[in-house]
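Residue numbers (my numbering): 19 to 82.
Below: the structure, in structure tokens.
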């Protein structure tokens, strides 16, 4: 069973504002399913998702 990774799901709401939410999932498909389960707008408008990105490192661990 693969370890969970952090994924960012970006979608556009009904006003075309770009919104991002992060999920821990095994793969991109699971991240999409989690977003659809937790956000009613995405459940009703799955094509509103315009990006699902696997994060490679934590933003606070970047070198200065």
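Even glycine gets a Cβ: it sits at the ideal position worked out from N, Cα and C.
Treat the numbers as computed from the prediction; the structure is a model and nothing was measured.
Are the Cβ atoms of residue 44 and residue 71 separated by less than 9 angstroms? No, Cβ-Cβ distance for residue 44 and residue 71 is not below 9 angstroms.
Measure the alpha-carbon distance for residue 46 versus residue 21 and round it to whole angstroms. C-alpha separation (whole angstroms): 13 angstroms.
For residue 52, list the residues DSSP reports as bridge partners. DSSP lists no bridge partner for residue 52.
Quick check on the burial criterion: 16 or more other C-beta atoms within 10 angstroms. Buried or exposed for residue 37? Residue environment: residue 37 is assigned as exposed (fewer than 16 neighbouring CB atoms within 10 Å of its CB, all protein chains considered).
Would residue 59 and residue 32 be called neighbours here (beta carbons separated by less than 9 angstroms)? In this structure, residue 32 lies closer than 9 angstroms to residue 59 by Cβ.
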